[in-house]
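Q: One structure is given below, represented as structure tokens, and several questions about it will come after.
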Amino acid sequence: MPKIQEIARGVLAGDRRSIARAITTIENNSPKAQELIASIFPHTGNAHIIGLTGPPGSGKSTLIDKIIREYRRKGKTVGVIAVDPTSPFTGGAFLGDRIRMQELSTDQGVFIRSMATRNYLGGIAKATKNAAKVLDAAGKDVVIVETVGAGQSEVEIIKVAQTIVVLFAPGLGDEIQAIKAGIMEIADIFVVNKADRANADKAVMDIQAMLQLNNKEKKWKPPVLKTAALTGEGVPQLIERIEEHRLFLEKKFERKRSREKAEAELVEAIKEKVASSIIEELKREGKLEEFLQKILEKKMDPASIAEKLLNRKFGKQV
Amino acid sequence: MSDKEKINEIAKERERWEKTTLPKWIGQSPERKSEFRNHSGTLIKRVYTPEDIKDLDYMRDLGFPGEYPFTRGVHATMHRGRLWTMRQFSGYGTAEQTNQRFKYLLKEGETGLSIAFDYPSIRGYDSDHPFSKGEVGICGVAVSSLKDMEVLFNGIPLDKVTTSMTINGPAAMLLAMYIAVGNKQGVPMEKLGGTTQNDVLKEFFAQKLIIFPPKPSLKLVTDIVEYCTKHVPRWNPISISGYHIREAGGNAVQELAFTLYDGITYVESCLERGMKVDEFAPRLSFFFAAHNDLFEEIAKFRAARRIWAKTMKERFHAKNPRSMWMRMHVQTAGFTLTAQQPLNNITRVTIQALSAVLAGTQSLHTNSFDEALALPSEEAVRIALRTQQIIAHESGVVNTIDPLAGSYYVENLTNEMEERTMEYFRKLDDMGGAIPAIEKGFFQKEIADSAYEYQKEVDEKRRILVGVNDYTTEEKQPIKVLRVDPKVEEEQVTSLHKLKSERDNKKVNEMLEKLHYATEKDENLMPIIIDAVKAYATIGEICDVLRKIYGEYKELIVI
Amino acid sequence: MQNQRKIRVLIAKPGLDSHDRGAKIIARALRDAGMEVIYTGLKQTPEQIVETALQEDVDVIGLSILSGAHKTLFPMIMELLKQKGLTDVLVVAGGIIPEEDVPEMKKLGIKEIFGPGTRTDKIVQFVFENVPKRT
Ligand SMILES: Nc1nc2c(ncn2[C@@H]2O[C@H](COP(=O)(O)OP(=O)(O)OP(=O)(O)O)[C@@H](O)[C@H]2O)c(=O)[nH]1
Ligand SMILES: [Mg+2]
Numbered sequence: 001m002p003k004i005q006e007i008a009r010g011v012l013a014g015d016r017r018s019i020a021r022a023i024t025t026i027e028n029n030s031p032k033a034q035e036l037i038a039s040i041f042p043h044t045g046n047a048h049i050i051g052l053t054g055p056p057g058s059g060k061s062t063l064i065d066k067i068i069r070e071y072r073r074k075g076k077t078v079g080v081i082a083v084d085p086t087s088p089f090t091g092g093a094f095l096g097d098r099i100r101m102q103e104l105s106t107d108q109g110v111f112i113r114s115m116a117t118r119n120y121l122g123g124i125a126k127a128t129k130n131a132a133k134v135l136d137a138a139g140k141d142v143v144i145v146e147t148v149g150a151g152q153s154e155v156e157i158i159k160v161a162q163t164i165v166v167l168f169a170p171g172l173g174d175e176i177q178a179i180k181a182g183i184m185e186i187a188d189i190f191v192v193n194k195a196d197r198a199n200a201d202k203a204v205m206d207i208q209a210m211l212q213l214n215n216k217e218k219k220w221k222p223p224v225l226k227t228a229a230l231t232g233e234g235v236p237q238l239i240e241r242i243e244e245h246r247l248f249l250e251k252k253f254e255r256k257r258s259r260e261k262a263e264a265e266l267v268e269a270i271k272e273k274v275a276s277s278i279i280e281e282l283k284r285e286g287k288l289e290e291f292l293q294k295i296l297e298k299k300m301d302p303a304s305i306a307e308k309l310l311n312r313k314f315g316k317q318v
Numbered sequence: 001m002s003d004k005e006k007i008n009e010i011a012k013e014r015e016r017w018e019k020t021t022l023p024k025w026i027g028q029s030p031e032r033k034s035e036f037r038n039h040s041g042t043l044i045k046r047v048y049t050p051e052d053i054k055d056l057d058y059m060r061d062l063g064f065p066g067e068y069p070f071t072r073g074v075h076a077t078m079h080r081g082r083l084w085t086m087r088q089f090s091g092y093g094t095a096e097q098t099n100q101r102f103k104y105l106l107k108e109g110e111t112g113l114s115i116a117f118d119y120p121s122i123r124g125y126d127s128d129h130p131f132s133k134g135e136v137g138i139c140g141v142a143v144s145s146l147k148d149m150e151v152l153f154n155g156i157p158l159d160k161v162t163t164s165m166t167i168n169g170p171a172a173m174l175l176a177m178y179i180a181v182g183n184k185q186g187v188p189m190e191k192l193g194g195t196t197q198n199d200v201l202k203e204f205f206a207q208k209l210i211i212f213p214p215k216p217s218l219k220l221v222t223d224i225v226e227y228c229t230k231h232v233p234r235w236n237p238i239s240i241s242g243y244h245i246r247e248a249g250g251n252a253v254q255e256l257a258f259t260l261y262d263g264i265t266y267v268e269s270c271l272e273r274g275m276k277v278d279e280f281a282p283r284l285s286f287f288f289a290a291h292n293d294l295f296e297e298i299a300k301f302r303a304a305r306r307i308w309a310k311t312m313k314e315r316f317h318a319k320n321p322r323s324m325w326m327r328m329h330v331q332t333a334g335f336t337l338t339a340q341q342p343l344n345n346i347t348r349v350t351i352q353a354l355s356a357v358l359a360g361t362q363s364l365h366t367n368s369f370d371e372a373l374a375l376p377s378e379e380a381v382r383i384a385l386r387t388q389q390i391i392a393h394e395s396g397v398v399n400t401i402d403p404l405a406g407s408y409y410v411e412n413l414t415n416e417m418e419e420r421t422m423e424y425f426r427k428l429d430d431m432g433g434a435i436p437a438i439e440k441g442f443f444q445k446e447i448a449d450s451a452y453e454y455q456k457e458v459d460e461k462r463r464i465l466v467g468v469n470d471y472t473t474e475e476k477q478p479i480k481v482l483r484v485d486p487k488v489e490e491e492q493v494t495s496l497h498k499l500k501s502e503r504d505n506k507k508v509n510e511m512l513e514k515l516h517y518a519t520e521k522d523e524n525l526m527p528i529i530i531d532a533v534k535a536y537a538t539i540g541e542i543c544d545v546l547r548k549i550y551g552e553y554k555e556l557i558v559i
Numbered sequence: 001m002q003n004q005r006k007i008r009v010l011i012a013k014p015g016l017d018s019h020d021r022g023a024k025i026i027a028r029a030l031r032d033a034g035m036e037v038i039y040t041g042l043k044q045t046p047e048q049i050v051e052t053a054l055q056e057d058v059d060v061i062g063l064s065i066l067s068g069a070h071k072t073l074f075p076m077i078m079e080l081l082k083q084k085g086l087t088d089v090l091v092v093a094g095g096i097i098p099e100e101d102v103p104e105m106k107k108l109g110i111k112e113i114f115g116p117g118t119r120t121d122k123i124v125q126f127v128f129e130n131v132p133k134r135t
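Below you can see the structure in the form of structure tokens.
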């Protein structure tokens, strides 16, 4: 495997092998990942990152295929990160999203990468964010992240995006209910896919009804669109809306939103650094079990332990 | 004694036997396994008795051959009257080579033709398409245009044979070519007999040689049924197929249930089109696999006939008994053939074929013993056909109809097959039908799980496959493998290019435009497709027009 | 920081045949053995297979073919892998590949050919033992 700096140079030059290797480094959570991110970081911030989420089988991957084609027609380059769950039992994963975009895999203006969640602490959201940075630094104009909108961790993943598209398919009434918890609030665009099926209009109305309750004061009123991903119907309109949202972000909220984002990223980074250094230390000293035991026996609560450890580390009250 | 008393008496005796005689034997030598199961997972009892069929009502559940519910057969004389059609699926290389093979088979006593097309034709590509590289004429005969079809049937009068075509996505184009060949030979459409597989639903979850998405695919199927009902009355427009469901890994119950449910879906689609059930249903035919478990297979075939008859009568209110007939073609299961000790396959095929004959099939294909290795050689094909002839003429099993009726075991299994099928029907109805079930990956998941389970049984030696995981030998049986000359592709591509430069291209384009227009207007496409193939438009060109409008389907992967 | 390395495998079906029973069983077995399996479905061209292997940065490629076109397609795939510098990827194959073709296929760089009837755990074990070590 080449040196990490070589990989970083390759990424910046848009070399596909290097992009692939860089993402591997990131998802392996290897110690070199940070060095890599540090060297590409100055070259990021140019891509528009779109998050696409929705219930299983709602047509996310099929729609992405059509979105890519539309962007390609407009001369833009596209990167895709498709996230699928790792099995908690075996640690293995079946990554099947790219089959729907496979015809585009030989287009040199497109780079598609499948990632498994791998179930490590706060890991996948960070890995996705950094993988998106790699594609961004490699010069992709648009980066699309696909996740199954199910649980909290998916909400975390999709938050890396600037424009969040939430997808539904008709006849999934309950799922709209189930999903709205975390995702309705952060969605920028709603799409009812499989518009070729009956009940698509009803799904649109259901979502609109829900939005009325939610979005009175928002400056950006999330539109609700219909698509038929199999034929590509409605995709140009979707792209228009995505572009509108991008402009909206740039014009009105750019500074604020990116400052917020920078802050959020910094907070994340500090959390992770501090947490992992304390945990590593405890492991080295062989004290981790001792503390865990205290929690299990209800002798001490996690927060108090955390405070104690922090005091010990920095030698003063925080 | 009343029947009920008799059953009680038998039950008592069985209990006694289980307490006295049986333990002595088991004590001396225990049974080989703690439980015995068939492929569908049914727990098989040590012995079956009248208790196990105590609710069987002869007239309601079995009846007489040729009468409702047709459990014992669709004809009153069955194989005493006419033997089944011995139909060997064949095709490889160029149309000319396959034409030779057809003539050979007819000379050897085969009674019907069955065409295997190569993958490019099946997937709607011409031989010169980039996808076709390395595939032309390999697994079947290459047919890109009417020219090839003319050569394929050169010297074979279409009013003297019936022809089965294993083709789904491009079924309309190949049927159109067949009609056109008949036309040139002076055989009118009304006299053409044969079958197009044309069962697209199972393609989505089992065979997966798909071109178009479910809806337009179903539309094309319905076009063919509608057209044939009006103009090609002796043609079986669909052969609703369980074979591929089984090959993909489904068990016997899944094969049965999913196939019949596909059948229901086609009937519904034709009714929606405005056809009357008794107009088209008599021409629907079926295609199943014959696997290794002899009695399970026999029960499956018998149950299939009964369920279909009931479905047609009760669910669709058919009046014509012929609408309730399940006529079937059976092929021995290719998946069971082993590459190890290939001659053993002859024995497997014999047992499998026997199940189909004992259960009253209308048509049978027996696999050649070398097919796990490559295309069948001429010798292997002959042995396969001889196997059928031996069963027909030497075994004596054809002397009476449905000889296993009344067997406690077989009737009990038949009932169980029916019950489990009806359970699947209910589930599928609840899901909203076959297409939503396909889109949810329901069939795919069921089949994948069964396939995985089967493989685990083999890996763990819970299921013995002779020559594979037991009774293995080191030495190899040298067998001659038939290979298609790579020159076939070259030749085929050259002749296709020649055709494309010599035909009236203006006319071809005109036809393709008309097709485009008709497709957008959602007309029945058969007439225009017939005109297009007559102008020598190719399969690839015709499919491209449809692909543009319908889109292409990507399979839903469930592992 | 923990290293989270996983074996990544591409299961690919070149050729036009649709017999994916074997490919899917292998995909499932490898996943259950803790690997990340990318399966791209039927009808993959050599270019698609190699590009996918590159983008997904896989350690292993499993090719499954039953159409008889292996003599045309496998050399194309192996050549493309070489061109793209993916020479350290472990390539194995399965399906219907006549005994007499095996030496020729191995010469191309295909490490092992698993014929019909191979136990799945044998294949899993082979992958574990032969997957290239990366640093
Ligand atoms: N009828 C119809 N089917 C569609 C449409 N879009 C996608 N599908 C089908 O829905 C199924 C699932 O599509 P995918 O694109 O894999 O869905 P997904 O949301 O990415 O699925 P997961 O990643 O497994 O959660 C496939 O069978 C598609 O062909 C559409 O617009 N109309
Ligand atoms: Mg997906």
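Chains X, U and P, in that order, give the protein sequences.
Here my numbering is used: the first residue of the first sequence is 1, the next is one more, and so on.
Here my numbering is used: the first residue of the second sequence is 1, the next is one more, and so on.
Here my numbering is used: the first residue of the third sequence is 1, the next is one more, and so on.
Glycine residues also receive a C-beta, built at the ideal position from the N, C-alpha and C atoms.
Note that the coordinates shown come from a computational prediction; the quantities given were computed from them, not determined experimentally.
Quick one: list the residues of chain P neighbouring U:A142, beta-carbon separation under 9 Å, in chain order.
A: Residues of chain P passing the Cβ test: none, with the nearest at roughly 12 Å.
Q: Excluding the five sequence neighbours on either side, which residues of its own chain have a C-beta within less than 6 Å of the C-beta of P:A27, listed in chain order?
A: Excluding residues within five positions, the ones whose Cβ falls inside 6 Å are I11, V37 and Y39.
Q: Any heavy atom of ligand 2 closer than 7 Å to the beta-carbon of X:D97?
A: Flag set: Cβ of X:D97 near ligand 2.
Q: Whose C-beta lies closer than 7 Å to the C-beta of U:A281 among residues of the same chain, with five residues either side of it excluded?
A: Here the set comprises V267, M312, A318 and S323.
Q: Mind checking the segment 115-128 of chain P against chain U and listing, in chain order, the residues whose C-beta falls within less than 8 Å of any C-beta there?
A: Within the segment 115-128 of chain P, the qualifying residues are G115, P116, G117, R119, T120 and D121.
Q: In or out: X:I295 buried (at least 16 other Cβ within 10 Å) or exposed?
A: Looking at its Cβ environment, which holds fewer than 16 other Cβ atoms inside 10 Å, X:I295 is exposed.
Q: Going by DSSP, which residues form a beta bridge with U:I115?
A: In DSSP, U:I115 forms a bridge with U:S90 and U:M165.
Q: For P:Q48, decide whether its Cβ has a neighbour in chain X, counting only Cβ atoms nearer than 8 Å.
A: Yes, P:Q48 lies at the interface with chain X (some Cβ there is under 8 Å from its Cβ).
Q: Tell me the DSSP secondary structure of U:N292 in three-state form.
A: Note: U:N292 maps to coil in three-state DSSP.
Q: How would you list, in chain order, the residues of chain U whose beta-carbon sits under 7 Å from the beta-carbon of X:I239?
A: By Cβ distance, chain U contributes nothing, its closest Cβ being about 19 Å from X:I239, past 7 Å.
Q: What is the rounded straight-line gap between the Cα of U:A405 and the Cα of U:Y261?
A: Those two C-alpha atoms are separated by around 25 Å.
Q: When DSSP labels each residue in this structure, what does X:V204 get in the three-state scheme?
A: Note: X:V204 maps to helix in three-state DSSP.
Q: For U:A356, does the three-state DSSP call read helix, strand or coil?
A: Three-state result, U:A356: helix.
Q: Rounded to whole angstroms, what's the CA-CA distance from U:A438 to X:R21? Just pull it up for me.
A: Residue identity check: residue 438 of chain U is Ile in the sequence provided, not Ala. Cα to Cα, the separation comes out at about 37 Å.
Q: Should U:K440 be listed as close to ligand 2, given that the test is whether its C-beta is under 7 Å from any heavy atom?
A: Answer for U:K440: no, Cβ out of range of ligand 2.
Q: With DSSP run on the structure shown, which of helix, strand or coil describes P:T52?
A: Note: P:T52 maps to helix in three-state DSSP.
Q: Is X:E146 near ligand 2 - that is, is its Cβ less than 7 Å away from at least one heavy atom of it?
A: At least one heavy atom of ligand 2 is nearer than 7 Å to the Cβ of X:E146, so yes.
Q: Got a sec? Which residues, its chain only, sit under 7 Å from U:L97 by beta carbon, not counting five neighbours each side?
A: Going by the sequence as given, residue 97 of chain U is Gln instead of Leu. Result list for U:Q97: empty, nothing under 7 Å.
Q: Work out the CA separation of U:H365 and U:W84 for me, nearest whole Å.
A: Rounded to the nearest angstrom, the two C-alpha atoms are 10 Å apart.
Q: Take U:I245 as the anchor and find which of U:V468, U:I10, U:K6 and U:Q444 has the nearest alpha-carbon.
A: Checking every option, the nearest Cα to that of U:I245 belongs to U:Q444.
Q: Mind listing which residues of the segment 48-64 of chain P have their C-beta closer than 8 Å to chain X's C-betas, in chain order?
A: Listed in sequence order: Q48, E51, T52, L54, Q55, E56 and D57.
Q: Hey, out of U:P213, U:G109, U:P23 and U:S2, whose CA is closest to U:I390's CA?
A: Taking only the C-alpha atoms, the option nearest U:I390 is U:G109.
Q: Using a Cβ cut-off of 9 Å, pull out every chain X residue sitting near P:E21, in sequence order please.
A: Checking the displayed sequence, the identity of residue 21 of chain P turns out to be Arg instead of Glu. Here the premise fails: no neighbours, minimum Cβ distance about 16 Å.
Q: Given a threshold of 16 other Cβ atoms within 10 Å of its Cβ, counted over all protein chains shown, does P:Q55 qualify as buried or as exposed?
A: Classification of P:Q55: buried, given that the 10 Å Cβ count is 16 or more.
Q: Helix, strand or coil, according to DSSP, for U:K548 in the structure here?
A: Residue state, collapsed to three classes: helix.
Q: Of the choices X:G232, X:Q212, X:F89 and X:E244, whose alpha-carbon is the least far from that of X:Q162?
A: Among X:G232, X:Q212, X:F89 and X:E244, the Cα nearest to that of X:Q162 is on X:E244.
Q: What I want to know is whether the C-beta of X:G57 ends up closer than 7 Å to one or more non-hydrogen atoms of ligand 1.
A: At least one heavy atom of ligand 1 is nearer than 7 Å to the Cβ of X:G57, so yes.
Q: With 8 Å set as the bound, which would you pick, yes or no: does the beta-carbon of P:T87 sit closer than that to a beta-carbon of chain X?
A: Judged by the 8 Å Cβ criterion, P:T87 is not in contact with chain X.
Q: Please confirm if X:F94 has its CB atom under 8 Å from at least one CB of chain U.
A: Chain U, which has a Cβ nearer than 8 Å to the Cβ of X:F94, makes this yes.
Q: Under DSSP, the beta strand (DSSP E) around P:L90 begins and ends at which residues?
A: Per DSSP, P:L90 belongs to the beta strand (DSSP E) from L90 to G95.
Q: Does ligand 1 have a heavy atom nearer than 7 Å to the CB of U:S363?
A: For ligand 1, not one heavy atom lies less than 7 Å from the Cβ of U:S363.
Q: Name the chain X residues whose beta carbon is nearer than 8 Å to that of P:G41?
A: Correct list: I99 and Q102.
Q: Since P:R28 meets chain U, which of its residues come closer than 7 Å, beta carbon to beta carbon?
A: The contacting residues are Y452 and I559.
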